[in-house]
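Residue numbering for the sequence shown follows the numbering used here, starting at 20 and increasing by one per position.
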Amino acid sequence: MTDRCNLRCQYCMPERDYVWLPRADILDFEELSFLVDVFTGLGVDRVRLTGGEPLVRRNLQQLVSLLASKPSLRDIALTTNGVLLAENAGALREAGLHRVTVSLDTLRPERFHALTRFDELPRVLSGIEAASEVGFSALKIDTVVIRGVNDDELVPLLEYGRRVGAEVRFIEYMDVGGATRWSRDKVVSRRELLDRLERHYGPIDPILEESSAPADRFRIPDGAIFGIISSTTAPFCSSCDRSRLTADGLWYQCLYGAHGTDLRGPLRAGASEAELRGLIETVWRSRSDRGAEVRLAMHDRSPLASVDTLRRDPHLEMHTRGG
Ligand code: SAM
20 MTDRCNLRCQ YCMPERDYVW LPRADILDFE ELSFLVDVFT GLGVDRVRLT GGEPLVRRNL
80 QQLVSLLASK PSLRDIALTT NGVLLAENAG ALREAGLHRV TVSLDTLRPE RFHALTRFDE
140 LPRVLSGIEA ASEVGFSALK IDTVVIRGVN DDELVPLLEY GRRVGAEVRF IEYMDVGGAT
200 RWSRDKVVSR RELLDRLERH YGPIDPILEE SSAPADRFRI PDGAIFGIIS STTAPFCSSC
260 DRSRLTADGL WYQCLYGAHG TDLRGPLRAG ASEAELRGLI ETVWRSRSDR GAEVRLAMHD
320 RSPLASVDTL RRDPHLEMHT RGG
């Protein structure tokens, strides 16, 4: 939706300033809707709105309405930091949004500030509660776990999720573009997450399901369910069926991919739906990305891109291509 964000999470946007996408390049809602039609014509039936922070994009509910009117889309989801969610949850639900995922890494105000540079925890919690009240078909909380930062909050976050009716998913800290302070020792692996939670709750059962969702799900003895997204230590490239469209119309097949396919150029030059479909089909059929697996095989794993490289190509940033 946008590369702009109203937080500065240390694992995503730790720098003081950024090179932003030119405003004239940002696709408007009609252009986005047209591209969604192109993708649904090829079999895509789920869309997630992300960013940057999608709720800083004005009148987002208008885009949601446009998307909700397409019978070929069976799932419309939003990933948000929750800061602007309380005032938008009702309108988004009414517009036809199905599911919401809120990123929440801590329940402690001073830690929230240290992690995000803003004192917005109360608004995020109100946002989660508002989303819970308006009744989306699913509400999730995504937590990036970083050793020495918030890895002592697994149980409080899980319990909070349970109280507000949200499924918590713990995400391994990833060495994506923008995570310029990443190091291997700060990653809390899926194995370690499970061990720690088992020490608290007792035996944890994996839930066996056929799914292309990034999270593996687990059940604790009293029935509560949580997920783990283990992109760093146990990647799932072979079952990943996602692709990403940046706010300025570059299309990526992998979160780690070096190059995107420009869809804005042909779109604004008047390409037909069929021509765009042909372009997308050709790229998709020849895709070979398995970025997270390639990263896993590296001996000296360090941040994906330096600050200089990111400034030269902001499309490498996680906040440009969406999480
Ligand atoms: N602003 C929205 C939000 O905060 O949810 C959407 C964009 S954000 C880039 C999407 C997701 O990417 C968030 O859940 C965030 O925690 C995750 N993310 C960003 N950098 C990450 C990293 N280095 N490792 C793992 N997850 C990361």
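Cβ coordinates follow ideal geometry from the N, Cα and C atoms, glycine included.
| Query | Result |
| --- | --- |
| Given a cut-off of 9 angstroms, decide if residue 239 and residue 189 are closer than it, judged by their beta-carbon atoms. | no |
| Taking the alpha-carbon of residue 229 as reference, which of 335, 259 and 327 has the nearest alpha-carbon? | 259 |
| Secondary structure at residue 300, three-state DSSP: helix, strand or coil? | helix |
| Can you tell me where the beta strand (DSSP E) with residue 96 in it begins and where it stops? | 94 to 99 |
| I think residue 30 touches residue 192, with their Cβ atoms under 8 angstroms apart; what is that distance to the nearest whole Å? | 6 angstroms |
| Is residue 167 a contact residue of ligand 1, with contact defined as CB to any heavy atom under 8 angstroms? | no |
| Roughly how many whole angstroms lie between the Cα atoms of residue 97 and residue 218? | 33 angstroms |
| Quick check on residue 137: does DSSP put it in helix, strand or coil? | coil |
| Can you check whether the CB of residue 20 is closer than 9 angstroms to the CB of residue 76? | yes |
| Starting from the N-terminal side, write out each stretch of the beta strand (DSSP E) that is 3 residues or longer and does not extend beyond the stretch 139 to 224. | 157 to 164 and 186 to 191 |
| In the structure shown, what three-state DSSP assignment does residue 120 receive? | strand |
| By DSSP, does residue 66 sit in helix, in strand, or in coil? | strand |
| Count the other C-beta atoms from every protein chain shown that fall within 10 angstroms of the C-beta of residue 171, then say buried if there are 16 or more, exposed otherwise. | exposed |
| Going by C-alpha distance, which of 24, 28, 33 and 43 is nearest residue 287? | 43 |
| Can you give me the C-alpha to C-alpha distance between residue 332 and residue 262, rounded to a whole angstrom? | 19 angstroms |
| Have a look at residue 202 and residue 165 and give me their C-alpha separation to the nearest angstrom. | 10 angstroms |
| For residue 48 and residue 105, what's the separation of their Cα atoms in angstroms? | 23 angstroms |
| At the level of alpha carbons, what is the spacing between residue 63 and residue 146? | 29 angstroms |
| Per DSSP, what are the beta-bridge partners of residue 270 in this structure? | 264 and 280 |
| Look at residue 292 and residue 137 and say whether their C-beta atoms are less than 9 angstroms apart. | no |
| Sorted by chain position, which residues of the same chain lie with C-beta nearer than 6 angstroms to residue 324's C-beta, five sequence neighbours on each side aside? | 196 and 335 |
| When you measure from the CB of residue 262 to every non-hydrogen atom of ligand 1, does any distance come out below 8 angstroms? | no |
| Taking the alpha-carbon positions, what's the residue 303 to residue 83 distance? | 26 angstroms |
| Hey, is residue 211 close to ligand 1, as in C-beta under 8 angstroms from one of its heavy atoms? | no |
| Can residue 190 be considered in contact with ligand 1, in the sense that its beta carbon sits closer than 8 angstroms to one or more heavy atoms? | yes |
| Would you mind working out which of 154, 214 and 99 sits nearest residue 160, comparing C-alpha positions? | 99 |
| Give every residue of the same chain whose Cβ lies closer than 8 angstroms to the Cβ of residue 200, excluding the five residues on either side of it in the sequence, and list them in chain order. | 29, 30, 33 and 322 |
| Have a look at the DSSP bridge pairing and note the partners of residue 236. | 246 |
| According to DSSP, simplified to helix, strand and coil, what is residue 401? | The requested residue 401 does not occur in the structure, where the chain is confined to residues 20 to 342. |
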